[in-house]
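Going by our numbering, the first residue of the sequence shown is number 162, and it counts up by one from there.
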Amino acid sequence: MSGGRSLLLLLHPEPDRRLAAGGGRAARLQPAGRRRHLGGDAGVARRHPLATGFRPALRRHRPRRGRGRRRPLLSADDLPVPGLERPAPGGAEVAVIAPARRQRRERLISGLLLAGVVASLLVVAGHVRPRLDLTQDRLFSLAPVTREVLGRLEDRLQVKFYFNRRLEGAEALLPARLVLRDFLDEVEAAGGGRVRVETVDPTESVAARSAAEAAGITAIPMPTSDAAGARIVNVYQGLELRYQDRTEVLPVLVPGEVEFAFVAAVDSLLRDRRPVVGLVSREPPMPPALPGVAEAVPPGREFESLRIRLGRRYAVRDLDLAEDAPDRLSDLAALIVARPERLSPREVFEIDQYLAGGGRVLVLWDGERIDVETNRPQPTETGLDDWLAAMGVRPEKAMVWDQAGFPFPIPGAPVRLPDGTEVRGPGRTVNYGLWPIVQASGLAADHIACQGLANLCFLWAHGLALGPLPAGVTAEVLVRTSPATGALAGDFDLEPYLENVERLARRARSGQEQRSRALVVALRGAFPSFFADREPPVAGRPIRSAAEPGLLVVVGDADAFSNRGIEVAAPSLGPSGNPQLAANLVDWLCQEEGLVDLRVRGGRPRRIRNFRQEALAAVGALDPDLDPDRREELVAEAERRERRIRRLISWGNVLVPPFLVLLLALGHFAFHRARARRPWRPAGGGEGTT
Numbered sequence: 162m163s164g165g166r167s168l169l170l171l172l173h174p175e176p177d178r179r180l181a182a183g184g185g186r187a188a189r190l191q192p193a194g195r196r197r198h199l200g201g202d203a204g205v206a207r208r209h210p211l212a213t214g215f216r217p218a219l220r221r222h223r224p225r226r227g228r229g230r231r232r233p234l235l236s237a238d239d240l241p242v243p244g245l246e247r248p249a250p251g252g253a254e255v256a257v258i259a260p261a262r263r264q265r266r267e268r269l270i271s272g273l274l275l276a277g278v279v280a281s282l283l284v285v286a287g288h289v290r291p292r293l294d295l296t297q298d299r300l301f302s303l304a305p306v307t308r309e310v311l312g313r314l315e316d317r318l319q320v321k322f323y324f325n326r327r328l329e330g331a332e333a334l335l336p337a338r339l340v341l342r343d344f345l346d347e348v349e350a351a352g353g354g355r356v357r358v359e360t361v362d363p364t365e366s367v368a369a370r371s372a373a374e375a376a377g378i379t380a381i382p383m384p385t386s387d388a389a390g391a392r393i394v395n396v397y398q399g400l401e402l403r404y405q406d407r408t409e410v411l412p413v414l415v416p417g418e419v420e421f422a423f424v425a426a427v428d429s430l431l432r433d434r435r436p437v438v439g440l441v442s443r444e445p446p447m448p449p450a451l452p453g454v455a456e457a458v459p460p461g462r463e464f465e466s467l468r469i470r471l472g473r474r475y476a477v478r479d480l481d482l483a484e485d486a487p488d489r490l491s492d493l494a495a496l497i498v499a500r501p502e503r504l505s506p507r508e509v510f511e512i513d514q515y516l517a518g519g520g521r522v523l524v525l526w527d528g529e530r531i532d533v534e535t536n537r538p539q540p541t542e543t544g545l546d547d548w549l550a551a552m553g554v555r556p557e558k559a560m561v562w563d564q565a566g567f568p569f570p571i572p573g574a575p576v577r578l579p580d581g582t583e584v585r586g587p588g589r590t591v592n593y594g595l596w597p598i599v600q601a602s603g604l605a606a607d608h609i610a611c612q613g614l615a616n617l618c619f620l621w622a623h624g625l626a627l628g629p630l631p632a633g634v635t636a637e638v639l640v641r642t643s644p645a646t647g648a649l650a651g652d653f654d655l656e657p658y659l660e661n662v663e664r665l666a667r668r669a670r671s672g673q674e675q676r677s678r679a680l681v682v683a684l685r686g687a688f689p690s691f692f693a694d695r696e697p698p699v700a701g702r703p704i705r706s707a708a709e710p711g712l713l714v715v716v717g718d719a720d721a722f723s724n725r726g727i728e729v730a731a732p733s734l735g736p737s738g739n740p741q742l743a744a745n746l747v748d749w750l751c752q753e754e755g756l757v758d759l760r761v762r763g764g765r766p767r768r769i770r771n772f773r774q775e776a777l778a779a780v781g782a783l784d785p786d787l788d789p790d791r792r793e794e795l796v797a798e799a800e801r802r803e804r805r806i807r808r809l810i811s812w813g814n815v816l817v818p819p820f821l822v823l824l825l826a827l828g829h830f831a832f833h834r835a836r837a838r839r840p841w842r843p844a845g846g847g848e849g850t851t
């Protein structure tokens, strides 16, 4: 064929398959230049002498002489040259390969097509944001509730991110800035054109700084130092959201909480008004607000911290059920009854009718007040016990004593030295059982209000017993103490000093049986009215009974959500989970389950294994009744046990990985050795060779 080098394709009717590169490949390409010239036109294939009598081109027919590398065997189907095949005389088939010019043209076309496909993929990838988030809680992906809230936008949401781009002296904030920027980019992409994110640096101009201050975003002074000395760096890291004629401001953004705060702010912008949570208590009312005068919280407002925390999301309304009109409860998303004291029948009736009509009630029950001067409990009458018993909950009068109590540091006894000076001996840490600490093992793991919680601290709590439930009502225990829990009844000293703690522990063990006790229970269903077969305290009012499904949550400790309980925390255990529990319960009552899941996202504690505590428990050194000498012996044994465990783990980290690699190598070798021993069989079947 003119313009290119001719190749002969020889096909034999009965080829030797053992010489083929694969099953069915019986054709061999041979250059025409290595044999006698066929004569005639170079573009026409003539009958080759080797084709006479269908003589195969086998290895034994060729002279043994040195030559270069042979060309591989190819199937006739691998040569797409339609129209160029011609049958050779005598039955042998000879084909002529396309010239090199056509091959170059085909390569060029293939390259252009490949470039077009790659360019198309790049254009599509610019509009699609593929992400692979392998974290357990999908921390680097938007939550479903975030996308749901963004999908409710009907107009443009303008987001202004105030931050200073240059962080000289505060470079430690750069990773947090990257997380915030990535989150805002994801929000803008998920907004579908309805979200616009703008960044503003208040340090670049006076106008930008004035705009930030007008929005309520102020600088955070951070002390830093460099070669020039100590100085203060003003850091801006706030967010302003505008939607239609409404505005929400997040003065300070924290990477771990930015998604929850953002979704809560956008959800508030989309609502005509904030959900209302009513609170009933015996606290003194707030004084009337005066212009230009900061409000002073009067003494006795023990749930003010709870109001402040709930006020970030809800409108908290103080209620007086004895005087307020019944319609003030009709628009409530939830009702909180905090530390009920001497409730009148009218107040109990209003709570009963609200729950029977499908309301959601949170009762923070407590049977006493703690006298801070005498450190003794003062029993109180709640007026709500009979109503709770009718609903299926019976609070216990005795306080719980849990061996897994709050760790209180006890200073050592004074010791007089030979020179006459007096010093304190080594101190101890005792578990104050009247403040039980509940970890993840005491929580309902499958309940949304308990997800991500840990270190719940209850103060002088009471157990809750579930009695006969009304028809159609179900109950669930959300929080319970450890199995080593007793009870203390009567009058006793609450001071957490060593002798008193040991005395209370012995008294709790010698009293009621040691068992786990419920501290938080939830009941749901259509609740019948407590006054269905009684005379209602309000004449002329129709009584609702089991009208709609409602929800009742009872907590056996009001102090856990008081100002003291919200802020209590043990340094050795980390931050308290009480504020998060309160927020989760209220969000769940208000049917904001998506926000509950978003709040606890990524907040699950990753606790480090405490080998020393495990060793002390294994040898029995935590028993409070041990004498000092025996305790010292057990502590020494626990230390030896701890060292053995640590040494075993260290050697395991050194020896186990190479041992696993060796096993993998042996398995790889055994697999390929067994595979090499299998006899070869052609793809079409038949006998093979070894």
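Yeah, the Cβ is synthetic: ideal placement off N, Cα and C, and Gly gets one too.
Please read these numbers as outputs of a predicted model, since none were measured by experiment.
If you run the structure through DSSP and keep just helix, strand and coil, what is residue i?
{"i": "residue 473", "result": "coil"}
{"i": "residue 756", "result": "helix"}
{"i": "residue 704", "result": "coil"}
{"i": "residue 301", "result": "coil"}
{"i": "residue 853", "result": "The structure shown has nothing for residue 853, since the chain only spans 162 to 851."}
{"i": "residue 323", "result": "strand"}
{"i": "residue 552", "result": "helix"}
{"i": "residue 515", "result": "helix"}
{"i": "residue 644", "result": "coil"}
{"i": "residue 270", "result": "helix"}
{"i": "residue 840", "result": "coil"}
{"i": "residue 629", "result": "coil"}
{"i": "residue 689", "result": "coil"}
Candidates the options: which alpha carbon is nearest residue i's?
{"i": "residue 695", "options": "614, 637, 705", "result": "705"}
{"i": "residue 854", "options": "511, 475, 501", "result": "No answer is possible for residue 854: it lies beyond the span of the chain, which begins at 162 and ends at 851."}
{"i": "residue 606", "options": "353, 637, 595", "result": "637"}
{"i": "residue 372", "options": "541, 493, 397, 353", "result": "397"}
{"i": "residue 340", "options": "301, 563, 323", "result": "301"}
{"i": "residue 351", "options": "314, 378, 338, 360", "result": "314"}
{"i": "residue 656", "options": "702, 592, 428", "result": "592"}
{"i": "residue 406", "options": "307, 421, 399, 432", "result": "432"}
{"i": "residue 602", "options": "668, 726, 643, 264", "result": "643"}
{"i": "residue 551", "options": "590, 480, 626, 676", "result": "626"}
{"i": "residue 563", "options": "650, 675, 505", "result": "675"}
{"i": "residue 327", "options": "308, 361, 299", "result": "361"}
{"i": "residue 394", "options": "436, 430, 329", "result": "329"}
{"i": "residue 752", "options": "610, 274, 342", "result": "610"}
{"i": "residue 379", "options": "390, 668, 412", "result": "412"}
What is the C-beta distance between residue i and residue j, in whole angstroms, given that I count them as a contact (C-beta under 8 Å)?
{"i": "residue 739", "j": "residue 760", "result": "Contact flag wrong, Cβ pair sits at about 14 Å."}
{"i": "residue 532", "j": "residue 620", "result": "Actually they do not touch by this definition, with Cβ atoms about 14 Å apart."}
{"i": "residue 556", "j": "residue 596", "result": "About 18 Å separates the two Cβ atoms, so there is no contact after all."}
{"i": "residue 554", "j": "residue 684", "result": "7 Å"}
{"i": "residue 670", "j": "residue 647", "result": "6 Å"}
{"i": "residue 546", "j": "residue 691", "result": "Residue 546 to residue 691, Cβ: 12 Å. No contact."}
{"i": "residue 424", "j": "residue 284", "result": "The Cβ separation is near 32 Å, so there is no contact."}
Between residue i and the rest of its own chain, which residues show a CB-CB distance below 8 Å, the 5 nearest in sequence each way excluded?
{"i": "residue 838", "result": "none"}
{"i": "residue 693", "result": "704, 706"}
{"i": "residue 796", "result": "777, 782"}
{"i": "residue 633", "result": "686, 687, 707"}
Cutting at 7 Å between CB atoms, please list the residues of its own chain near residue i, excluding the five before and the five after it.
{"i": "residue 541", "result": "502, 528, 529, 530"}
{"i": "residue 363", "result": "323, 325, 369, 370, 373, 397"}
{"i": "residue 317", "result": "355, 357"}
{"i": "residue 742", "result": "614, 617"}
{"i": "residue 629", "result": "553"}
{"i": "residue 337", "result": "416"}
{"i": "residue 519", "result": "708, 709, 710, 711"}
Can you list, in chain order, the residues of its chain with a C-beta nearer than 6 Å to that of residue i? Leave out the 5 residues immediately preceding and following it.
{"i": "residue 881", "result": "Lying outside 162 to 851, the shown extent of the chain, residue 881 is not represented and no answer is given."}
{"i": "residue 347", "result": "303"}
{"i": "residue 681", "result": "639, 640, 716"}
{"i": "residue 462", "result": "444"}
{"i": "residue 729", "result": "618, 737"}
Legend entry - Segment contact, 8 Å Cβ cut-off, at least three pairs: the region 415 to 428 with the region 442 to 453: Taking 8 Å as the limit for Cβ pairs, the verdict is that the region 442 to 453 does not touch the region 415 to 428.
Legend entry - the region 790 to 804 contacting the region 818 to 827, beta-carbon criterion three pairs below 8 Å: In short, these stretches do not touch, since the Cβ pair count stays below three.
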